[in-house]
Amino acid sequence: MGVTLASDNQESVFERSSSHQSNHEHQFKNDVKKSNMASNDQENPGLGLTVGQEQDTWIYNKNPVGLFENNSEGDEEEEEEETEEWDETDPCRNFHCKRGKVCQADEQEKLSCVCQDPAACPPAKDHEYVCGTDNKTYDGTCQLFGTKCKLEGTKMGHQLHLDYMGSCKYIPPCTDYEVDHFPLRMRDWLKNVLMQLYERDLDRSGFLSDKQRSKVKKIYQNEKRLMAGDHPAELLLHDFEKNYHMYVYPVHWQFSQLDRHPANRLLSHSELAPLRASLVPMEHCITRFFQECDADRNKHVSLKEWCHCFGIKEEDTDENLLF
Numbered sequence: 001m002g003v004t005l006a007s008d009n010q011e012s013v014f015e016r017s018s019s020h021q022s023n024h025e026h027q028f029k030n031d032v033k034k035s036n037m038a039s040n041d042q043e044n045p046g047l048g049l050t051v052g053q054e055q056d057t058w059i060y061n062k063n064p065v066g067l068f069e070n071n072s073e074g075d076e077e078e079e080e081e082e083t084e085e086w087d088e089t090d091p092c093r094n095f096h097c098k099r100g101k102v103c104q105a106d107e108q109e110k111l112s113c114v115c116q117d118p119a120a121c122p123p124a125k126d127h128e129y130v131c132g133t134d135n136k137t138y139d140g141t142c143q144l145f146g147t148k149c150k151l152e153g154t155k156m157g158h159q160l161h162l163d164y165m166g167s168c169k170y171i172p173p174c175t176d177y178e179v180d181h182f183p184l185r186m187r188d189w190l191k192n193v194l195m196q197l198y199e200r201d202l203d204r205s206g207f208l209s210d211k212q213r214s215k216v217k218k219i220y221q222n223e224k225r226l227m228a229g230d231h232p233a234e235l236l237l238h239d240f241e242k243n244y245h246m247y248v249y250p251v252h253w254q255f256s257q258l259d260r261h262p263a264n265r266l267l268s269h270s271e272l273a274p275l276r277a278s279l280v281p282m283e284h285c286i287t288r289f290f291q292e293c294d295a296d297r298n299k300h301v302s303l304k305e306w307c308h309c310f311g312i313k314e315e316d317t318d319e320n321l322l323f
């Protein structure tokens, strides 16, 4: 499979009509799950930034810079989630192996983990293709991690990680102008995502907790959001300044959704990876944005740094909003 190139007029995920999101909610949950499994100690069950659309799925895209200087997801430490039906007599049914390996029993039924044969992986659908850090497109995570396992102990194996979901493609560099305007779209989208979750929660609960619902209700009742579409930076900035109070909680909410393993008020590379990887194809400045949010260059983004990146005042940065 060849490497495809990004379109010159690539559309921003934040500029897509928000009405697309409800149509792909189920696909979003599945793809975020895949994204989380690819990062170190990452099992984020919550909803963060939601659905972009390309081939009806989240896709990731190649960015050679990586999130931080040491671009290692630690995916080899992640255990494969058991989703298949197990024979009750199968000794491997409760034996877990890390990604890229499968359980094998010898004649004495002694269990061990061996490398997954990439050729034996189930066929992948188009939206299940993944791009590795070697800039090669693999037919799904099974093939990628099986390949990585086969290369264990080599430099190539050490450097191979899942970079993003979707076929590899070209990502243009992020300019200074673009990264300066990136937070305008992202925080507006964060607010609208919460509004949509609240609306869905009115019909079928489970999207938000009681505390989240109570907080978002106040924003929802005062919402004067912009019509969906491509808005100039000046209009987004004006809306932010005029309705600043409605952006404070959404920014905290997204931080809380990502800060899970561990929940220590710091976002690590692996905690940021699912959000970054999901947005790279359509928002190519996300990597640089996260790098610049890490103001002290300690490879962690604190709540204070996160809020500052989104233009939230220091006096409005509040750990009590992380629920």
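According to UniProt numbering, the residues represented by the sequence shown are 1 to 323, in order.
Think of the CB as a built atom: it goes at the ideal place given N, C-alpha and C, for glycine as much as any other residue.
Since the model is a prediction, treat every value here as computed from it, not as a measurement.
query, result
"Is the segment 294–301 touching the segment 267–274, taking contact as three or more C-beta pairs under 8 Å?", "yes"
"Less than 6 Å between C-beta atoms, sequence neighbours within five positions excluded: which residues of the same chain meet that for ASP134?", "LEU160"
"Short check: CB of VAL130 to CB of MET165, under 8 Å?", "yes"
"Three or more C-beta pairs closer than 8 Å, one from the segment 185–197 and one from the segment 250–265: is that the case here?", "yes"
"In the structure shown, what three-state DSSP assignment does LYS169 receive?", "strand"
"LEU162 and THR147 look like a contact to me (Cβ under 8 Å); what is the Cβ gap, rounded to whole Å?", "About 11 Å; that fails the 8 Å criterion."
"Helix, strand or coil, according to DSSP, for TYR249 in the structure here?", "helix"
"I'd like to confirm the pairing. Which residues does DSSP put opposite TYR164 in its beta bridges?", "CYS131"
"Taking C-beta to C-beta, are CYS149 and GLN104 nearer than 8 Å?", "no"
"Restricting to runs no shorter than 4 residues, where is the alpha helix (DSSP H) found entirely within the segment 179–247?", "210–221, 233–242"
"Measure from the alpha carbon of VAL280 to the alpha carbon of each residue in SER205, GLN143, CYS174, then state which is nearest.", "CYS174"
"Suppose you measure from the CA of ALA124 to the CA of ASP139; what does that come to, to the nearest Å?", "5 Å"
"If LEU322 and PHE255 are in contact, beta carbons under 8 Å, what's the gap, nearest whole angstrom?", "7 Å"
"Could you work out which residue in GLU178, ARG213, ARG288, VAL179 is closest to MET195 when comparing CA atoms only?", "ARG213"
"Tell me, please, which residues DSSP counts as bridged to VAL301.", "LEU267"
"Span of the beta strand (DSSP E) holding CYS103?", "101–105"
"Taking only the alpha-carbon atoms, compute the straight-line gap between LYS136 and ARG276 and give it to the nearest angstrom.", "19 Å"
"Check this for me: beta carbons of CYS97 and CYS113, under 8 Å apart or not?", "yes"
"Can you tell me which of the three DSSP states LYS150 falls into?", "helix"
"Classify PRO183: buried if its beta carbon has 16 or more other beta carbons within 10 angstroms, exposed otherwise.", "buried"
"Can you tell me whether DSSP reads LEU111 as helix, strand or coil?", "strand"
"Assuming HIS284 and PRO172 form a contact by the criterion Cβ under 8 Å, report the distance between their Cβ atoms to the nearest whole angstrom.", "6 Å"
"Need the endpoints of the alpha helix (DSSP H) that GLN159 sits in, please.", "155–159"
"Kindly indicate which three-state DSSP category THR137 falls into: helix, strand or coil?", "strand"
"Whose C-alpha, out of CYS92, GLU107, GLU109, is nearest the C-alpha of LYS101?", "CYS92"
"With distances taken between CB atoms, is the gap from PHE289 to LEU272 smaller than 8 Å?", "no"
"Out of HIS238, GLU241, GLN257, GLU234, point me to the one whose CA is closest to PHE207's CA.", "GLN257"
"Classify ARG204 as buried or exposed, calling it buried when 16 or more other Cβ atoms lie within 10 Å of its own Cβ.", "exposed"
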